[in-house]
Amino acid sequence: MSKALDVAMLIAVLIGLWQALNWYAGDVAISSPYDTTLHLIAQFERPRFWLHLAESIKAFGYALAIAWIGGIGLGVWLGAHRFAGEVAEPIVVALYSLPKVTLYPLVLLIFGLGISSKVAFGAIHGIAPVALFAMNSVRNIRPVYIKVGRTLRLTPLDAARRVLIPAALPEIATGLRLGFSLTLLGTLLGEMFASQRGLGFMIVNAIGLADTKTMMAVTLLLFIFAGTANAILLAGERALHRRV
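So the sequence shown is numbered by numbering that gives the first Met the number 0: it starts at 0 and just counts up by one.
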């Protein structure tokens with residue numbers, strides 16, 4: 000009950016600040032919470048909006064699958080091979096720290112203007128944190144687990160599947176949650192730069208047309224989606240940590 004009350008109070012404060020900004024800057028700069036909500040509801044009645052939404056969901060789904068699967072695989076392998084991990088870690092950290100916008104021209108040259116470039120740009124954002132968390136979690140596994148795997152004479156693949164990943168799963172879950180948010184960010188940025196469809200394109204198009212209500216409505220939808228998904232992932236992460 001206390002957590003629900005805290006969440007309700009936080010939402011109320013955010014809505015209050017939003018409304019205050021609307022009173023201060025006016026509807027030209029930022030629409031009110033009420034008008035934005037009504038405009039978002041109206042968007043669901045437009046078939047074209049569903050095309051944009053479906054495009055973003057498709058691109059984000061592919062990018063997230065690549066970031067999660069690729070990040071876990073790379074991180075577990077680097078964590079299990081200490082020398083390779085020590086060599087690759089600075090490279091992965093540099094990729095994580097690099098402003099990804101600088102890579103977008105290269106992504107466009109390789110993948111073109113279609114959905115492939117958005118998927119690639121989203122995956123580039125998300126794969127590095129997942130790999131780093133997975134690598135460090137495997138490194139910090141208790142040595143007794145490794146000895147058990149060797150005693151049972153498990154193959155490297157079986158050792159990763161039965162020992163390394165289950166033991167490292169709580170920390171990997173943290174990386175997955177961070178990778179989720181960054182993959183969503185990368186996918187939307189890809190739609191903003193060079194796309195004719197998607198929620199990111201809708202935001203950029205609305206900015207160009209000074210359509211504040213549409214810009215705020217799409218932003219509100221993304222905020223609700225990202226906040227709900229992160230709350231679910233955080234609950235799963237905490238449950239995994241309690242089991243350890």
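No residue lacks a Cβ here, since even glycine has one placed at the ideal position from N, Cα and C.
Alpha carbon to alpha carbon, how far is aspartate 26 from glycine 178? 34 Å
Considering only residues of the same chain and omitting the five flanking positions on each side of arginine 81, which have a CB-CB separation below 8 Å? Arg138
Tell me the DSSP secondary structure of glycine 195 in three-state form. Residue identity differs from the one stated: residue 195 is glutamine in this sequence, not glycine. It is coil, neither helix nor strand.
Separation of leucine 153 from asparagine 229, as counted between CA atoms: 35 Å
Is the CB-CB distance between leucine 131 and valine 92 below 8 Å? yes
Assuming valine 106 and serine 116 make a contact with CB atoms under 8 Å, what is their CB distance in whole Å? 5 Å
Return the chain-ordered list of same chain residues with a C-beta closer than 6 Å to the C-beta of methionine 73, the five sequence neighbours on each side being excluded. Here residue 73 is leucine; the residue named in the question, methionine, does not match the sequence. Correct list, in chain order: Ala130.
Beta-carbon separation of alanine 58 and threonine 150 under 8 Å? no
Per-residue DSSP class, three states only, for aspartate 34: helix
Quick check on lysine 99: buried or exposed, where buried means 16 or more other Cβ atoms within 10 Å of its Cβ? buried
List the whole-angstrom C-beta distance separating arginine 69 from alanine 133, where the pair is believed to meet the contact cut-off of C-beta under 8 Å. For clarity, residue 69 is glycine in the given sequence; the question names arginine instead. 10 Å between Cβ atoms; not a contact.
Integer-rounded CB distance, given that isoleucine 140 should sit under 8 Å from alanine 119: At roughly 32 Å, the Cβ-Cβ gap does not stay under 8 Å, so alanine 119 and isoleucine 140 are not in contact.
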